[in-house]
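With my numbering applied, the sequence shown corresponds to residues 4 to 293, in that order. Beneath this line is the structure, given in structure tokens, with notes to follow.
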Amino acid sequence: MSRDKIILKGMRFYGRHGCLAAELELGQWFEVDLELTLDLAPAGKSDDLSDTLNYAELYALVKAAVEGPSFALIEALADRLAGFGFAWPQVERVKVLLKKPQAPLGGPLDYAAVEIERDRKDFESVHQVWLSLGSNLGDRYENLLGGASYLLDQGLELLNNSGVYETAPVGYTDQPDFYNMALHLSTVLDPLELLKLCQQAEFEHKRERTVRWGPRTLDVDILLYDRVELDLPELTLPHPRMAERAFVLGPLGEMDPGLLRKLGLEENREGIVLQIHAADVRMRLVDKKP
Ligand code: GSY
Numbered sequence: 004m005s006r007d008k009i010i011l012k013g014m015r016f017y018g019r020h021g022c023l024a025a026e027l028e029l030g031q032w033f034e035v036d037l038e039l040t041l042d043l044a045p046a047g048k049s050d051d052l053s054d055t056l057n058y059a060e061l062y063a064l065v066k067a068a069v070e071g072p073s074f075a076l077i078e079a080l081a082d083r084l085a086g087f088g089f090a091w092p093q094v095e096r097v098k099v100l101l102k103k104p105q106a107p108l109g110g111p112l113d114y115a116a117v118e119i120e121r122d123r124k125d126f127e128s129v130h131q132v133w134l135s136l137g138s139n140l141g142d143r144y145e146n147l148l149g150g151a152s153y154l155l156d157q158g159l160e161l162l163n164n165s166g167v168y169e170t171a172p173v174g175y176t177d178q179p180d181f182y183n184m185a186l187h188l189s190t191v192l193d194p195l196e197l198l199k200l201c202q203q204a205e206f207e208h209k210r211e212r213t214v215r216w217g218p219r220t221l222d223v224d225i226l227l228y229d230r231v232e233l234d235l236p237e238l239t240l241p242h243p244r245m246a247e248r249a250f251v252l253g254p255l256g257e258m259d260p261g262l263l264r265k266l267g268l269e270e271n272r273e274g275i276v277l278q279i280h281a282a283d284v285r286m287r288l289v290d291k292k293p
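Here it is in structure tokens:
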């Protein structure tokens with residue numbers, strides 16, 4: 004375990020968390036201290052921000068969570084805040100002190116607080132993720148199956164997959180129709196590790212980024228990662244455009260219509276030209292597992 008730390012101390016945000024009606028209606032101030040253990044030597048040598056945790060980004064995540072939707076318990080909010088730290092793969096341990104200096108307890112007090120410490124391994128339990136795969140160059144069907152098989156070979160576990168759909172292009176429309184499918188997987192990877200693996204799957208299928216939004220042999224997008232909300236330059240979760248895309252909502256809705264309802268989304272099949280039966284695809288994927 005490294006002895007280096009990044010510390011964000013005395014952050015103050017107004018939020019609406021608690022079990023009492025007044026806490027939800029009126030809100031109150033929250034104070035947060037974060038202490039993140041990670042090896043700072045690489046950034047010390049390179050002087051490069053990408054070798055360390057960007058604490059401006061972490062601050063923005065904490066602010067959005069404290070000012071965002073209500074948690075009944077500060078234990079749950081503290082747990083969410085700790086999880087943000089592990090979005091940076093270098094972070095080994097996170098300590099969170101979350102205080103309510105104005106907790107309405109009927110008498111004077113300095114603050115009510117929780118303090119939690121989490122190791123990366125506490126967060127490396129299994130996560131559920133939903134991915135969208137697309138291809139409109141070469142053998143589209145084989146590209147999708149090859150991409151999915153690659154992810155399984157790298158250790159992701161298949162929980163479910165949609166059928167393959169032929170879909171009209173969205174965005175830049177002067178290009179061939181796509182084949183799309185969605186996968187429901189479990190993984191121990193953190194969101195940024197998963198993103199790297201998805202990019203590696205694209206690379207393995209010789210994807211070349213020539214025209215933005217243009218034709219591609221394989222595109223792998225992370226739609227959902229548990230209920231994690233992230234807003235980093237390289238990754239936003241849930242996927243910010245998933246709700247507008249029939250080629251995402253159709254396959255997701257086929258696998259789990261309840262999931263769409265939980266997210267407040269309608270299944271949308273407009274623009275889907277052809278559906279290849281899911282059972283065929285499921286057989287092919289499972290056959291390819293080692
Ligand atoms: O990120 C998705 C790539 N993409 C697609 C796609 O996968 N399917 C359809 N139908 N249209 C698309 N436009 C883009 S960009």
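Don't be surprised by glycine CBs; every beta carbon is placed ideally from N, CA and C. All values derive from a computational prediction rather than experimental measurement.
At a cut-off of 8 Å, the beta-carbon of P172 counts as near the ligand GSY: some heavy atom of the ligand is closer than that. Using a cutoff of 8 Å, the CB of Y175 counts as near the ligand GSY, since one of the ligand's heavy atoms is closer than that. Listed as beta-bridge partners of S189 by DSSP are Q131 and E160. With a cut-off of 8 Å on Cβ pairs, the region 89-101 is not in contact with the region 145-162, counting fewer than three such pairs. Here DSSP, grouped into helix, strand and coil, assigns F206 to helix. Each residue's CA atom was taken as its position, placing R219 and L226 some 18 Å apart.
With respect to S5, D50 sits apart: the two C-beta atoms are not nearer than 9 Å. Put simply, the backbone Cα of G267 is about 23 Å away from that of A79. Per the DSSP secondary-structure output, Q278 pairs in a beta bridge with Y168. Around the beta carbon of R83, 16 or more other beta carbons lie within 10 angstroms, which makes this residue buried. Relative to the ligand GSY, the beta carbon of G18 is positioned no closer than 8 Å to any heavy atom.
In the structure shown, D54 falls within a helical segment according to DSSP collapsed to helix, strand and coil. Taking all protein chains in view, the Cβ of S138 is crowded by 16 or more other Cβ atoms within 10 Å, so the residue is classified as buried.
For the ligand GSY, no non-hydrogen atom lies closer than 8 Å to the CB of R230. In this structure the region 116-123 does not touch the region 253-260; the number of beta carbon pairs closer than 8 Å is below three. At a threshold of 8 Å, S49 does not count as near the ligand GSY, since its beta carbon sits no closer than that to any of the ligand's heavy atoms.
Distance from the Cα of A63 is smallest, within the candidate group S53, D7, G88 and R19, for G88.
When C-beta atoms of the region 161-170 are compared with those of the region 107-114, fewer than three pairs fall below 8 Å, so the two segments do not count as touching. When secondary structure is reduced to three states using DSSP, N183 falls in the strand class. Between the ligand GSY and the CB of N139, the shortest heavy atom gap is smaller than 8 Å. Contact annotation: L188 and L134 have beta-carbon atoms nearer than 9 Å.
For F250, the uninterrupted alpha helix (DSSP H) run begins and ends at A249 to M258, by DSSP. Set against 8 Å, the gap from the CB of N164 to the closest heavy atom of the ligand GSY is not smaller.
Residue state for G110 is assigned as coil, using DSSP reduced to three classes.
For A24, the enclosing alpha helix (DSSP H) stretches over residues A24 to L29. According to the DSSP secondary-structure assignment, V173 is paired through a beta bridge with no residue.
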